[in-house]
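If you're matching them up, the sequences are chains A and B in order. Read in order, the letters of the first sequence correspond to residues 53 to 390 in our numbering. Read in order, the letters of the second sequence correspond to residues 53 to 390 in our numbering. C-beta atoms are modelled at their ideal positions from N, C-alpha and C, and glycine is treated no differently. Input: a single structure, listed below in structure tokens.
There are 2 protein chains.
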Amino acid sequence: MRTVVLAHEKFPDRAKTAQGVLRYADDEVVAVLDRDAAGTRVRDHVPNLPDAPIVASMADVEGPVDRLVVGIAPIGGGFEESWRPDVRAAIERGCDVVAGLHYFLADDEEFAALAAEHDCELNDIRRPPDDLTVAEGVAGDVDAQVLLTVGTDCSVGKMTTTMELVAALQAAGHDAAVVPTGQTGIMIENWGVPVDRVVSDFTAGAVERMILEAAPDHDYLVVEGQGSITHPAYSAVTCGILHGAMADRLVLCHEAGREAVHGYESFSLPSVPQVVDLYESLSAPVAETEIVAGALNTSGLDADAARTAVDEFGAALGGPATDPIRHGVDEDLLGVLT
Amino acid sequence: MRTVVLAHEKFPDRAKTAQGVLRYADDEVVAVLDRDAAGTRVRDHVPNLPDAPIVASMADVEGPVDRLVVGIAPIGGGFEESWRPDVRAAIERGCDVVAGLHYFLADDEEFAALAAEHDCELNDIRRPPDDLTVAEGVAGDVDAQVLLTVGTDCSVGKMTTTMELVAALQAAGHDAAVVPTGQTGIMIENWGVPVDRVVSDFTAGAVERMILEAAPDHDYLVVEGQGSITHPAYSAVTCGILHGAMADRLVLCHEAGREAVHGYESFSLPSVPQVVDLYESLSAPVAETEIVAGALNTSGLDADAARTAVDEFGAALGGPATDPIRHGVDEDLLGVLT
């Protein structure tokens, strides 16, 4: 699939979705749209990403394109009118358009009419399916092994860890797949439910439904976790995912040095052993499970400090740990997952 | 407020909302509509409820009426067409209509037009406000003391316990109010947010907003809990309420003899000490709190067995316990709440 990623004025640092699609999606990204960085290339900004030219508009993209991904979201999730010419041009070229905005492209009169005319799909992935319902408590019955990434906080690397674990399982010869629960994961995998947008009563049910759908086709499912069970605002989503997934094993994600809740700095993070105990004891009445390994984001540390931090994190949680981006996923860690 | 409660073919046992409104709302219920029980009275069916005549239709209700409450909900939450003549007649008499259905009366063309003509309000309480957002983690800052009813399971008496605690606090001279989170509570109190219908990311935020709104006017708030933190389907809602409320004290609700999750009988309930520990340790990183008392539904037991069960429940949770309907709320229990 030949894909263009829209990231106007925000690539790379404020375009996490764009980076996620570049790094993990099967798509061939043929261009990134960023009028501020036009003329440079992806690798001029982020050395270890797949490379692609950065151009100013759809008019500068040559050859056929299958889809346009809106790879940024302004605060509030609105649609920026300055993106309209590119979305319009994409549809007129027959591209599907994928977006994770609160503003739904399919409800935009111009885009809806154009898409009908050019037989394109407008895929608003933040709109949950309208037939979700409550969980039945049956995700534990599937034959596939279910892993779930959980966190000490939001924004500690659960999505990245999920992708890296699946890649490592696949590299070791296992049939593994991601169960995406957030917008970047959904764009990368081309399926999934944005669990933080569903009716609260259906949180666990949404995760259960995805697992039942994916399990027959795979030996391992890695469910992308969200938030943290001790987060002042987002714990409901985390708890619903934990109980809906009924995971066989959990992987704890953390950022080195994080001591307070991101954006809620008056709340201290509990210690790693406390967090481990809480996830396990909260899950147990629905599904006995265990935190078997850890993934630490050490991007703020130098090489020596990163090694030390990973070792300390593993000791605190009582299992193998790694920074999956910096150090990869080794056999020790794979061993406790399988 | 002179109120009529619609409960066709379901009063009393399958009309919990109707019973809740009769028992707890300030409304003067002037009639219950149930075409199957027409000609009888409420007390012919439930001795300890406020009495009212049961009639077949709005045409049989004399005198002025301020509001019609739809006090039943079919499975799926649809609107039964057999109710239409009564709703129509109510609006034509100038009544407001309150319903907790998934089918919104305000979206019904006939009712909307009639309500506009007769200047009536159609209040669909299951529709959450459209301006909810994420919690800020500030409910713990209010001056009012915040109590929260939590449960070992759903359907163990959290709504009833909430109402009885507020009544007991008021009888002891305290300024106390309910924070309603479910449809029956909202109908009784005439305000509140149906927390199980909000976007999952806003669960804690919805509770926080209600507390910030109510706290300046009261010394005590009792937040109506929902579900259970170990429920396979509903734990997300419970967790969001727990962290959104940041309660000073918790009251644990349970039904005597309940050993498995209601409707999910393959899941055993954890022991009472386990449940106590889990609520307290899950709340602690956001708000230190304690389960200080228990409320046990003993309606399935005889008098002696009920006393024994309440004593055992109190011993298991380490505090005073009662069946608030059968034994009331005594000074011992009020003492640990205040």
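Item	Value
Taking the straight line between their C-alpha atoms, what separation do you get for A267(B) and L200(B)?	14 Å
According to DSSP, P105(B) sits in a beta bridge with which residue or residues?	R93(B)
On the DSSP letters alone, give me the boundaries of the beta strand (DSSP E) that D384(A) sits inside.	Unbroken run through D384(A) is the alpha helix (DSSP H), E383 to L389; no beta strand (DSSP E).
Just to confirm, does L321(A) get its C-beta within under 6 Å of one of the non-hydrogen atoms of the ligand NAP?	The ligand NAP is absent from the structure shown, which contains no ligands of any kind.
So within the segment 199 to 254 of chain B, which uninterrupted beta strand (DSSP E) runs reach at least 3 residues, ignoring any that extend past its ends?	228 to 231
Could you tell me whether any Cβ in chain B is nearer than 7 Å to the Cβ of G189(A)?	yes
Please classify H306(A): does DSSP put it in a helix, a strand, or coil?	strand
Quick one: is C291(A) near chain B, going by C-beta distance under 7 Å?	yes
Report yes or no: is there a C-beta of chain A within less than 7 Å of the C-beta of S252(B)?	yes
Looking at the structure shown, is Y331(A) part of a helix, part of a strand, or coil, going by DSSP?	helix
Determine the direct distance from the alpha carbon of T350(B) to that of A308(B), and round the result to whole angstroms.	5 Å
Below 7 Å between beta carbons: does that hold for A368(B) and V324(B)?	yes
Any beta-carbon of chain B closer than 7 Å to the one on T92(A)?	no
Expressed to the nearest angstrom, what Euclidean distance is found between the alpha-carbon atoms of M262(B) and D300(A)?	38 Å
Just by C-beta distance, which residues in the segment 320 to 333 of chain A are closer than 7 Å to chain B?	P322, L330 and S333
At 4 residues or longer, and completely inside the segment 125 to 159 of chain B: list those alpha helix (DSSP H) runs for me, N to C.	136 to 144
List the endpoints of the continuous alpha helix (DSSP H) containing S287(A).	S287 to A297
Would you say Y316(B) faces chain A, with C-beta separation under 7 Å as the test?	yes
Can you find a CB in chain A that lies within less than 7 Å of the CB of S207(B)?	no
Taking DSSP as the reference, what is the three-state secondary structure of F63(B)?	coil
DSSP on D356(B), reduced to helix/strand/coil?	helix
Suppose contacts are defined by Cβ-Cβ distances below 7 Å. Is R95(B) in contact with V251(A) by that definition?	no
Closest to H30(B) by C-alpha separation, out of L302(B), A196(B) and E161(B), would be which residue?	Past the boundaries of the shown model lies residue 30(B); chain B is included only from 53 to 390, so the question cannot be answered.
What whole-angstrom Cβ distance do F319(A) and P284(A) have, given they're in contact under 8 Å?	6 Å
Report the partner residues of V197(B) according to the DSSP bridge assignment.	Here residue 197(B) is Gln; the residue named in the question, Val, does not match the sequence. Y272(B).
With a threshold of 6 Å on Cβ separation, who are the neighbours of A258(A) within its own chain once the five nearest residues in sequence on each side are excluded?	L184, V245, V247 and V250
Which whole-angstrom value describes the C-beta separation of V274(B) and V194(B), a residue pair presumed to lie in contact below a C-beta threshold of 8 Å?	Their Cβ separation, rounded to whole angstroms, is 14 Å, which puts V274(B) and V194(B) out of contact at 8 Å.
Quick check: S335(B) and L294(B), are their CB atoms within less than 7 Å of each other?	yes
Spatial neighbours of P102(A) within its chain, please: C-beta separation below 6 Å, excluding the five flanking residues on both sides.	L74
At the level of alpha carbons, what is the spacing between V202(B) and A357(B)?	24 Å
Measure the C-alpha to C-alpha separation of P180(B) and I238(B) and round it to an integer number of angstroms.	12 Å
With burial defined as no fewer than 16 other Cβ atoms inside 10 Å of the residue's Cβ, what is the status of I127(B): buried or exposed?	exposed
Of the choices A223(A), W243(A) and C147(A), whose alpha-carbon is the least far from that of V57(A)?	C147(A)
Would you check if the distance between the CB atom of V82(B) and the CB atom of R54(B) is smaller than 7 Å?	yes
Does the distance from the C-beta atom of C206(A) to that of C291(B) stay below 7 Å?	no
So, A228(B) versus L386(B), is the Cβ gap smaller than 7 Å?	no
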